[in-house]
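Report on the following structure.
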Amino acid sequence: MADDFWHDERLLVDGKLVPARGGATFDNVNPATEQVIGVAADGTSEDMDEAIGAARRAFDATSWSSDVELRVRCVRQLREAFERHLEEIRATTVAEVGCPVALTHGPQLASPVAAIGWVADLLERYEWVTDLGVAEPFGQRSHRSVHREAVGVVGAITPWNFPHQINLAKVVPALAAGNTVVLKPAPDTPWSAAILGRLVAEETDIPPGVLNVVTSSSHGVGAQLSADPRVDLVSFTGSTATGRAVMTAGAATIKKLFLELGGKSAFIVLDDADLAAAAAGVAFQITAHAGQGCAITSRFVVPRQREHEAIEAVTSMLASFPYGDPTDPSNLMGPLIRAGQRDRVLGYIQKGKDEGATVALGGGRPAHLPSGFYVEPTVLTGVDRKATVAQEEIFGPVLVVIAHDGDQDAVDIANDSVYGLSGAVVSADVDRARSVAKRVRTGTIAVNGGGFYSPDVPFGGYRQSGIGREMGVAGFEEYLESKSVAEGGR
Ligand code: NAD
Numbered sequence: 023m024a025d026d027f028w029h030d031e032r033l034l035v036d037g038k039l040v041p042a043r044g045g046a047t048f049d050n051v052n053p054a055t056e057q058v059i060g061v062a063a064d065g066t067s068e069d070m071d072e073a074i075g076a077a078r079r080a081f082d083a084t085s086w087s088s089d090v091e092l093r094v095r096c097v098r099q100l101r102e103a104f105e106r107h108l109e110e111i112r113a114t115t116v117a118e119v120g121c122p123v124a125l126t127h128g129p130q131l132a133s134p135v136a137a138i139g140w141v142a143d144l145l146e147r148y149e150w151v152t153d154l155g156v157a158e159p160f161g162q163r164s165h166r167s168v169h170r171e172a173v174g175v176v177g178a179i180t181p182w183n184f185p186h187q188i189n190l191a192k193v194v195p196a197l198a199a200g201n202t203v204v205l206k207p208a209p210d211t212p213w214s215a216a217i218l219g220r221l222v223a224e225e226t227d228i229p230p231g232v233l234n235v236v237t238s239s240s241h242g243v244g245a246q247l248s249a250d251p252r253v254d255l256v257s258f259t260g261s262t263a264t265g266r267a268v269m270t271a272g273a274a275t276i277k278k279l280f281l282e283l284g285g286k287s288a289f290i291v292l293d294d295a296d297l298a299a300a301a302a303g304v305a306f307q308i309t310a311h312a313g314q315g316c317a318i319t320s321r322f323v324v325p326r327q328r329e330h331e332a333i334e335a336v337t338s339m340l341a342s343f344p345y346g347d348p349t350d351p352s353n354l355m356g357p358l359i360r361a362g363q364r365d366r367v368l369g370y371i372q373k374g375k376d377e378g379a380t381v382a383l384g385g386g387r388p389a390h391l392p393s394g395f396y397v398e399p400t401v402l403t404g405v406d407r408k409a410t411v412a413q414e415e416i417f418g419p420v421l422v423v424i425a426h427d428g429d430q431d432a433v434d435i436a437n438d439s440v441y442g443l444s445g446a447v448v449s450a451d452v453d454r455a456r457s458v459a460k461r462v463r464t465g466t467i468a469v470n471g472g473g474f475y476s477p478d479v480p481f482g483g484y485r486q487s488g489i490g491r492e493m494g495v496a497g498f499e500e501y502l503e504s505k506s507v508a509e510g511g512r
């Protein structure tokens with residue numbers, strides 16, 4: 023074992039921190055060193071079965087769903103627990119996720135922990151009942167009201183790229199809304215979820231069974247969670263292909279679904295824009311967590327007459343981009359999560375070349391980093407808008423440059439995708455930029471460098487990027503049912 027990172031190796035089932043059935047564990051590998059840093063409990067289908075049963079009982083037989091005061095207290099306790107251990111969790115996160123430590127001061131740790139407080143504040147002021155007043159439908163005098171109630175048992179299935187952010191953006195609003203939850207994290211980042219389980223068990227009053235955490239090396243326990251009839255809603259973040267499987271599995275029992283899936287977002291530069299600023303913006307994005315972000319703008323859509331200028335600006339920016347050891351605060355990019363992911367990204371670069379693209383920068387494994395799953399910041403130019411690398415999510419630090427012939431053509435390129443998660447547009451004329459933003463079919467878009475990541479802003483996708491919204495009031499209400507009540511005689 024390379025180091026003694028603060029973590030946990032147990033599942034949380036029915037309020038108890040326990041090993042997996044049979045005591046099996048699996049290795050947790052640091053993607054920057056390729057060293058095993060410890061193990062996680064390898065939850066089985068029996069463990070998952072027990073966790074779902076515990077969540078069902080906690081929802082059906084305790085006052086969790088009706089006791090708002092208890093929930094506010096517990097959510098605040100969870101934030102305090104994370105804050106108490108923040109520095110220990112930071113070191114564990116860098117080792118497990120391979121993200122640069124700089125990112126843990128933002129979206130990899132600090133921001134999602136701060137966002138827990140936003141949910142507690144919302145819970146305190148949330149109006150659970152809307153009074154619609156009196157009407158006389160079919161001659162019956164009725165006083166109508168709409169009541170919001172928890173959905174029930176939530177299965178939360180999460181990926182590895184921003185594990186704290188995604189675990190917390192699901193678990194916290196789901197619990198705050200009065201649901202009980204079974205969390206199944208990705209096999210690559212089990213400790214982020216096990217830490218959450220440990221803090222809940224040891225440092226909050228969240229009752230047994232309300233949150234259960236089942237780490238596992240097997241995707242099968244995720245499939246089990248998405249099919250179990252005792253689960254009312256599945257909240258899933260991951261690839262579009264797995265999202266499709268989750269939808270299919272939930273169909274038999276008509277589960278509610280909340281899906282955050284893949285993306286292939288466009289960064290559109292209009293012909294009057296400041297190219298240097300645009301290049302800096304897109305360079306920062308494509309290297310953020312080595313391109314392993316669903317909303318990262320990986321298509322740089324630039325005016326044809328300024329294409330060479332744009333390529334020059336972005337390649338010179340990326341050529342000197344600091345990357346390597348993620349524990350070094352001066353590095354702004356770390357490795358990919360695992361060898362298979364690195365090889366997949368290298369395969370896409372080869373495919374790009376095969377389909378006629380030119381590698382203007384990078385394109386391989388960095389010679390100066392012999393261990394760790396690194397890929398060089400890469401720029402592919404001369405890319406056809408229909409090419410595989412322009413259409414499929416690469417999930418690595420690979421930027422494709424596509425030339426456009428005017429504002430509407432840029433919009434058409436951006437919308438020429440099965441995805442619709444995010445995007446960006448820059449122009450010296452804000453009205454032109456707004457007009458383009460309005461025509462791009464995505465769930466979020468940044469105009470002239472704006473930032474939408476904050477706890478009060480809903481995040482999610484159009485088309486095959488998903489169904490529903492995470493964060494904000496909309497993200498909280500994903501976890502609520504709506505009951506219309508009509509009282510006669512009033
Ligand atoms: P993945 O789809 O391979 O796995 C996600 C989770 O699903 C993991 O916990 C995995 O164990 C589980 N899983 C796998 N097969 C399953 C099945 N048949 N049934 C139920 N669960 C199953 O995704 P990943 O590789 O972990 O993450 C990368 C993907 O996630 C990318 O496509 C990325 O765009 C997407 N993502 C989307 C968002 C968003 O908010 N839209 C955010 C982060 C990541």
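Here the sequence shown is numbered in the numbering used here, starting from 23 and rising by one per residue. Heads up, the beta-carbon is just placed ideally off N, CA and C, and yes, glycines get one too. As the structure is a prediction and not an experimental result, all values here were calculated from the model.
Burial is judged here by how many other beta carbons sit within 10 angstroms of a residue's own beta carbon; Phe417 has at least 16 and is buried. The beta carbon of Ala63 lies closer than 7 Å to those of Glu31, Arg32, Leu33, Pro41, Ala42, Thr47, Thr237 in the same chain, with the five residues before and after it left out. Here Glu509 carries a strand assignment [DSSP, helix/strand/coil].
Asp406 and Ile467 have their C-alpha atoms some 23 Å from each other. Annotation: Leu145 is outside any beta strand (DSSP E); the continuous alpha helix (DSSP H) that includes it extends over 132-147. Along the region 27-57, the beta strand (DSSP E) occurs as fully enclosed runs of 3 or more residues at 33-35, 38-40, 47-51, listed in sequence order. Between Pro209 and Thr180, the gap from beta carbon to beta carbon reaches 9 Å or more. Set against 8 Å, the gap from the CB of Phe184 to the closest heavy atom of the ligand NAD is smaller.
Between Phe280 and Glu492, the C-beta spacing is below 9 Å. According to the DSSP assignment, Leu233 belongs to the beta strand (DSSP E) that extends over 233-235. The closest heavy atom of the ligand NAD lies less than 8 Å from the beta carbon of His241. Contact between the region 289-299 and the region 440-452 is present, with at least three C-beta pairs closer than 8 Å.
By the criterion of a C-beta distance shorter than 8 Å, Arg485 is surrounded in its chain by Ser439, Val440, Tyr441, Gly442, Arg463, once the five residues flanking it on both sides are discounted.
Closer than 8 Å to some heavy atom of the ligand NAD: that describes the Cβ of Ser487.
Excluding sequence positions up to five before and after Pro185, its CB lies within less than 6 Å of the CB of Thr211, Ser214, all in the same chain and listed in chain order. The residue from Gly378, Gln413, Val420 with its alpha-carbon nearest to that of Leu368 is Val420. About 16 Å separates the Cβ atoms of Val243 and Leu233, ruling out a contact at the 8 Å cut-off. The beta-bridge partner set that DSSP reports for Ala446 consists of Phe289, Ala468. Going by DSSP, His169 is part of the beta strand (DSSP E) stretching over 164-172. Between Ala172 and Tyr396, the C-beta gap is not smaller than 9 Å, which leaves the two residues out of contact. Here Leu402 carries a strand assignment [DSSP, helix/strand/coil].
Runs of the alpha helix (DSSP H) lying entirely within the region 306-364 and spanning at least 4 residues, in chain order: 329-341.
Unbroken alpha helix (DSSP H) stretches of 4 residues or longer found wholly inside the region 411-439: 429-437, given in chain order.
Where Thr264 is concerned, the enclosing alpha helix (DSSP H) starts and stops at 262-273. About 7 Å separates the Cβ atoms of Val175 and Ile74, confirming a contact at the 8 Å cut-off.
Here Ala62 is bridged, per DSSP, to Phe48. The three-state reading of DSSP puts Ile188 in helix, counting H, G and I together. For Gly394, the closest alpha carbon among the candidates Trp150, Asp347, Thr262 is that of Asp347. Distance from the CA of Arg461 to the CA of Ile290, rounded to the nearest whole angstrom, comes to 12 Å.
Within the DSSP secondary-structure output, Ser257 pairs in a beta bridge with Ala178, Phe280.
Cys121 and Gln130 have their C-alpha atoms spaced approximately 8 Å apart. Residue pairing from DSSP places Ile489 in a beta bridge opposite Leu281. If you draw a straight line from the Cα of Val253 to the Cα of Gln246, it comes to about 10 Å.
In this structure Ala137 is not in contact with Glu225, their Cβ atoms being roughly 18 Å apart against a cut-off of 8 Å. Contact annotation: Ala80 and Leu145 have beta-carbon atoms that are not nearer than 9 Å.
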